[in-house]
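Residue numbers (UniProt numbering), protein chains in the order written: chain A, 1 to 236; chain X, 1 to 118. Scroll down for the structure; my scribbles are underneath it.
Structural data, given as structure tokens:
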């Protein structure tokens with residue numbers, strides 16, 4: 001019922017002639033809202049199409065880009081991150097993937113995220129808060145290829161660590177690109193070791209590639225320390 | 001923590017598999033033993049039902065939907081995979097048309113070329 005009020009208020013500010021409140025208008029408004037709601041519901045319930053190859057989990061593509069200059073707060077991170085879409089089958093994955101720019105063609109400080117549906121690509125999400133990630137730094141030119149291999153391994157359940165995988169990220173930065181894979185339990189060393197070994201195998205990395213495991217609690221701490229410093233120095 | 005992570009080789013994980021496979025065979029026996037009731041027939045049918053229930057549960061857990069990279073890549077060129085998704089936001093990273101899968105082949109050779117440099 002609140003929605004109706006809001007809708008009427010908006011009409012008031014826009015058009016005085018509708019002020020007299022003909023009930024038709026509010027009736028008109030309703031189906032539209034319902035339609036919108038239905039679209040949202042449809043978006044949430046992705047299922048494999050007939051004859052398509054189902055995936056073990058549904059996944060969601062996200063994209064984020066940092067607005068240059070402004071030090072980001074957690075809130076603005078959440079605002080900057082945009083959902084591209086969710087999929088439940090191999091065919092649906094390719095539909096999204098083929099309609100998206102390759103990470104190697106992205107410019108500026110931006111990221112693609114591919115997470116299991118329902119898990120936000122944020123440290124604070126319930127699935128992530130006890131977790132961590134393997135990080136691989138890549139020199140420019142390798143990101144598109146490595147990202148593809150990484151997400152194909154994730155979608156194809158090649159990591160064999162049960163429910164542990166949360167999602168994957170490719171981060172385009174100034175002089176390098178970074179790919180990472182997030183898991184639920186940072187303290188589970190058997191899992192993190194298995195993820196590392198699978199990464200080595202599926203990414204076909206040179207043996208001297210440095211792989212780093214970082215817990216999200218450490219990431220949060222580092223982030224807070226960094227922004228604490230930024231604030232202190234800007235307060236001069 | 002770093003040192004201990006390095007010390008666990010993948011091999012140590014392998015013995016866990018046969019153990020998990022044994023579980024469905026053990027549990028129904030426990031259930032059957034716990035229910036020492038006079039009606040033998042009933043007891044056995046329940047036991048079998050439970051056995052299959054538990055067995056199927058474990059089967060479901062074990063039967064993950066796995067795909068190899070080559071299989072997934074193979075599906076990329078089917079017409080279903082090139083359709084535009086029904087809901088696609090208007091966004092700078094979203095392309096108006098699907099990328100050409102032929103581009104992927106090109107990338108393989110490019111990347112292999114790069115790899116030799118490393």
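Ideal Cβ placement from N, Cα and C applies to all residues, glycine included. Here the structure is a predicted model, which means the values were calculated and not measured.
Write down the C-beta distance between residue i and residue j rounded to the nearest angstrom, noting that I regard them as a contact closer than 8 Å.
i: residue 181(A); j: residue 134(A); result: 5 Å
i: residue 91(A); j: residue 81(X); result: 5 Å
i: residue 141(A); j: residue 108(A); result: So it is not a contact: roughly 17 Å between Cβ atoms.
i: residue 50(A); j: residue 89(A); result: Actually they are not in contact, since the Cβ atoms of residue 50(A) and residue 89(A) sit about 10 Å apart, beyond 8 Å.
i: residue 167(A); j: residue 119(A); result: 6 Å
i: residue 143(A); j: residue 195(A); result: Contact flag wrong, Cβ pair sits at about 19 Å.
i: residue 93(X); j: residue 101(A); result: 5 Å
i: residue 131(A); j: residue 214(A); result: With 8 Å as the limit, residue 131(A) and residue 214(A) do not qualify as a contact, their Cβ atoms being about 10 Å apart.
i: residue 95(A); j: residue 83(X); result: 6 Å
i: residue 60(A); j: residue 115(A); result: 6 Å
Give me the residue from the options with the minimum Cα distance to residue i.
i: residue 212(A); options: 200(A), 204(A), 94(A), 227(A); result: 200(A)
i: residue 81(A); options: 130(A), 149(A), 166(A), 121(A); result: 121(A)
i: residue 197(A); options: 187(A), 210(A), 185(A); result: 210(A)
i: residue 117(A); options: 97(A), 65(A), 140(A), 57(A); result: 57(A)
i: residue 66(X); options: 151(A), 103(A), 141(A); result: 151(A)
i: residue 110(A); options: 62(A), 171(A), 195(A), 93(A); result: 171(A)
i: residue 129(A); options: 228(A), 219(A), 225(A), 227(A); result: 219(A)
i: residue 47(A); options: 63(A), 86(A), 62(A); result: 86(A)
i: residue 71(X); options: 164(A), 156(A), 106(A), 206(A); result: 156(A)
i: residue 75(X); options: 77(A), 93(A), 67(A); result: 93(A)
i: residue 64(X); options: 189(A), 177(A), 154(A); result: 154(A)
i: residue 106(A); options: 147(A), 207(A), 76(A), 208(A); result: 147(A)
i: residue 202(A); options: 189(A), 145(A), 190(A); result: 145(A)
i: residue 160(A); options: 68(X), 55(X), 51(X); result: 68(X)
What does the Cβ neighbour count give for residue i, buried or exposed, with the cut at 16 atoms within 10 Å?
i: residue 89(X); result: exposed
i: residue 187(A); result: exposed
i: residue 204(A); result: exposed
i: residue 149(A); result: buried
i: residue 221(A); result: exposed
i: residue 105(X); result: Because residue 105(X) carries a pLDDT of 40, less than 50, the predicted location of this residue cannot be relied on, and the following value inherits that uncertainty. So residue 105(X) ends up on the exposed side.
i: residue 41(A); result: Interpretation of residue 41(A) is limited by its pLDDT of 49, a score under 50 that renders its predicted location unreliable; the figure taken from the coordinates is listed afterwards. Result: exposed.
i: residue 112(A); result: buried
i: residue 175(A); result: exposed
i: residue 225(A); result: exposed
i: residue 124(A); result: exposed
i: residue 165(A); result: buried
i: residue 52(A); result: buried
i: residue 64(A); result: buried
i: residue 228(A); result: exposed
i: residue 85(X); result: buried
i: residue 139(A); result: exposed
i: residue 158(A); result: buried
i: residue 126(A); result: exposed
i: residue 100(X); result: exposed
i: residue 49(X); result: exposed
i: residue 91(X); result: exposed
i: residue 183(A); result: buried
i: residue 76(A); result: exposed
i: residue 77(X); result: exposed
i: residue 216(A); result: buried
CB of residue i to nearest heavy atom of the ligand ZN: below 7 Å?
i: residue 50(X); result: Absent from the structure shown: the ligand ZN. Ligands present: none.
Strictly below 9 Å CB to CB, what residues from chain C border residue i?
i: residue 79(A); result: Absent from the structure: chain C. Protein chains present are A and X.
Residue i bridges to which residues according to DSSP?
i: residue 132(A); result: 183(A), 215(A)
i: residue 87(A); result: 59(A)
i: residue 100(A); result: 94(X)
i: residue 76(A); result: Paired residue(s): none; residue 76(A) is not in a bridge.
i: residue 205(A); result: Paired residues: none, contrary to the question.
i: residue 111(A); result: 64(A), 171(A)
i: residue 210(A); result: Its beta-bridge partners do not exist; DSSP assigns none.
i: residue 54(A); result: 89(A)
i: residue 138(A); result: 177(A)
Return the residues of the segment 81 to 100 of chain X that lie within a Cβ-Cβ distance of less than 7 Å from chain A, sorted by chain order. 81, 82, 83, 84, 85, 87, 88, 89, 91, 93, 94, 95, 98, 99
Note down, in chain order, all residues in the segment 149 to 161 of chain A with a beta-carbon under 9 Å from any beta-carbon belonging to chain X. 149, 152, 153, 155, 156, 157, 158, 160
Positions along the segment 93 to 105 of chain A whose CB lies within less than 7 Å of some CB in chain X: 94, 95, 96, 98, 99, 100, 101
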